[in-house]
Amino acid sequence: MRKPFIAGNWKMNKTIRDSIELVNSLRRELLDIENADIIVCPPYIALSEISDLVVDSNIGLGAQNVYWEESGAFTGEVSPLMLKDAGCRYVIIGHSERRKYFSETDEAVNKKIKASQNVGLIPIVCVGETDEERESKKTTSVVESQLQGGLKGLDSESVSKLIIAYEPVWAIGTGKTATPEQAQEVHRFIRDWLRNNYSSDVAENVRIIYGGSVKPSNTKDLIKQSDIDGALVGGASLESSFFGEIVKNSL
Ligand code: PGA
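Residues in the sequence shown are numbered from 1 upward in steps of one, following this note's numbering.
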């Protein structure tokens with residue numbers, strides 16, 4: 001049985017003060033929950049403050065991005081070690097907004113995964129097709145090539161330590177959630193791909209989470225699907241009551 005994994009991706013929202021307020025209220029909301037991994041991913045500048053607030057709680061901390069070099073002249077970037085130092089255990093890599101607005105390629109995703117794992121961070125690797133790609137029936141080929149490129153050169157042990165997020169681009173921030181069946185179909189495809197390229201063990205253990213307009217009302221039906229192990233939540237993670245409900249509905 002895979003433990004549900006629910007991550008809140010706050011994107012470019014919340015000041016430090018707002019972040020503290022949100023996480024304090026989440027701590028109260030989620031106090032008794034033990035059987036899910038709950039993660040928040042605030043903006044970089046709030047990470048270290050939030051880390052102090054969640055340190056002895058059931059809430060884990062993740063970053064929304066990372067750079068692959070250890071240090072040096074890379075103005076504006078943040079290294080994996082810096083994220084660890086700020087208290088992160090997780091890092092989102094290859095989010096579709098990074099791919100779209102910042103031209104992030106599968107090759108960059110690959111370097112980021114490797115550099116993050118080198119310092120013991122757990123990557124949450126995002127894949128997913130655009131509307132156009134789905135319309136032209138390219139969903140699985142797009143997802144497959146993102147997996148092939150992103151996970152290139154990783155052995156089974158490294159892959160078994162990843163979280164994979166399937167996020168159809170057309171469902172992100174649009175209110176247009178994939179149906180549970182549409183999501184399950186791609187999750188199953190990803191799990192089969194892991195089985196064929198690594199092992200049954202890897203396929204059975206890696207958590208594959210869904211993202212794209214997840215809200216309290218659709219969580220139960222999504223999570224009921226046999227290959228959906230949790231959610232990557234954007235908009236609805238900015239309200240503690242919504243995010244709390246999503247977590248509770250995933251149990
Ligand atoms: P959304 O975003 O829940 O606002 O659709 C999800 C994501 O981008 O991770």
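Positions of the beta carbon are idealized from the N, C-alpha and C atoms, including for glycine.
Check: Residue range of the unbroken beta strand (DSSP E) whose run includes residue 183; Outcome: No beta strand (DSSP E) holds residue 183; the alpha helix (DSSP H) holding it covers 180-197.
Check: Contact set for residue 133: own chain, Cβ-Cβ below 7 Å, skip 5 residues either direction; Outcome: 139 and 142
Check: Straight-line Cα distance separating residue 87 from residue 252; Outcome: Because the chain here runs from 1 to 251, residue 252 falls outside it and cannot be looked at.
Check: Residue of 64, 83 and 19 minimising C-alpha distance to residue 71; Outcome: 83
Check: Neighbour-count burial assignment, residue 175, 16 or more Cβ in a 10 Å radius; Outcome: exposed
Check: For residue 5, three-class secondary structure by DSSP; Outcome: strand
Check: Cβ pair residue 30, residue 59 closer than 8 Å; Outcome: yes
Check: Beta-carbon proximity check, residue 233 vs residue 7, cutoff 8 Å; Outcome: yes
Check: Proximity winner among 67, 228, 56 and 113, relative to residue 151 (alpha-carbon distances); Outcome: 113
Check: Contact check, residue 96 vs residue 62, beta carbons under 8 Å; Outcome: no
Check: Proximity to residue 156 [Cα-Cα], best of 41, 89, 181 and 193; Outcome: 193
Check: Any non-hydrogen atom of the ligand PGA within 7 Å of residue 213 CB; Outcome: yes
Check: Exposure label - residue 102; buried when at least 16 CB within 10 Å; Outcome: exposed
Check: Distance between residue 144 and residue 67 (C-alpha atoms, nearest Å); Outcome: 24 Å
Check: Any alpha helix (DSSP H) of 4 or more consecutive residues that is wholly inside the region 81-132; Outcome: 96-101 and 106-118
Check: Where residue 31 sits in the DSSP three-state scheme; Outcome: coil
Check: Nearest-angstrom beta carbon gap, residue 92 and residue 65 [assumed within contact, 8 Å]; Outcome: 7 Å
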